[in-house]
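A.B. asks: Questions regarding the structure given below will be posed in turn.
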Amino acid sequence: MERKSFQLGDVVLMKKNHPCGSNEMEIIRMGMDIRIKCVGCKHSVLVPRAKFEKNMRKVLRSASEDSGQNDGAGGALN
Ligand SMILES: [Zn+2]
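The sequence shown lines up with residues 1 to 78 when you count with the working numbering.
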């Protein structure tokens, strides 16, 4: 089983699109449940951690850059 790692502030790619058409979500709260915010429409939802891990595909942008995974594609968020 693959262990997914993510942290507060990460932007993740989900398997399913949000109704607004975006499938990128930002993690805005961590706990037993995880609150994610749609990058497209700014709508936030609370999902159980297990469900979140099942539905996320990968981390697109990590909040911390010390893991060296940044390929320099320009992380300007505005
Ligand atoms: Zn949305």
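Every residue, glycine too, gets a C-beta built ideally from N, C-alpha and C.
Starting from Cys58, trace the beta strand (DSSP E) both ways and give me its first and last residue.
C.D. replies: Here residue 58 corresponds to residue number 58 of the sequence shown, with the count starting at 1. According to the sequence shown, residue 58 is Lys rather than Cys. Met56 to Arg61 is the extent of the beta strand (DSSP E) around Lys58.
A.B. asks: From what residue to what residue does the beta strand (DSSP E) around Asp10 run?
C.D. replies: Here residue 10 corresponds to residue number 10 of the sequence shown, with the count starting at 1. Here Asp10 belongs to no beta strand (DSSP E), and DSSP marks it neither H nor E.
A.B. asks: I believe Val8 touches Lys58 by the beta-carbon criterion, under 8 Å. Please report the beta-carbon distance rounded to the nearest angstrom.
C.D. replies: What you label residue 8 is simply residue 8 of the sequence shown in a count that begins at 1. What you label residue 58 is simply residue 58 of the sequence shown in a count that begins at 1. Checking the sequence, you will find Leu at residue 8 rather than Val. Not confirmed; about 17 Å, so no contact.
A.B. asks: Could you check if Met32 is buried or exposed, using at least 16 other CB atoms within 10 Å of its CB as the buried criterion?
C.D. replies: Taking the sequence shown and counting its residues from 1, the one referred to as residue 32 is at position 32. Burial call: exposed.
A.B. asks: So who's on the other strand from Arg35, going by DSSP bridges?
C.D. replies: Residue numbering aside, residue 35 sits at position 35 when the sequence shown is read from its first letter. Arg29 and Leu46, per the DSSP bridge assignment.
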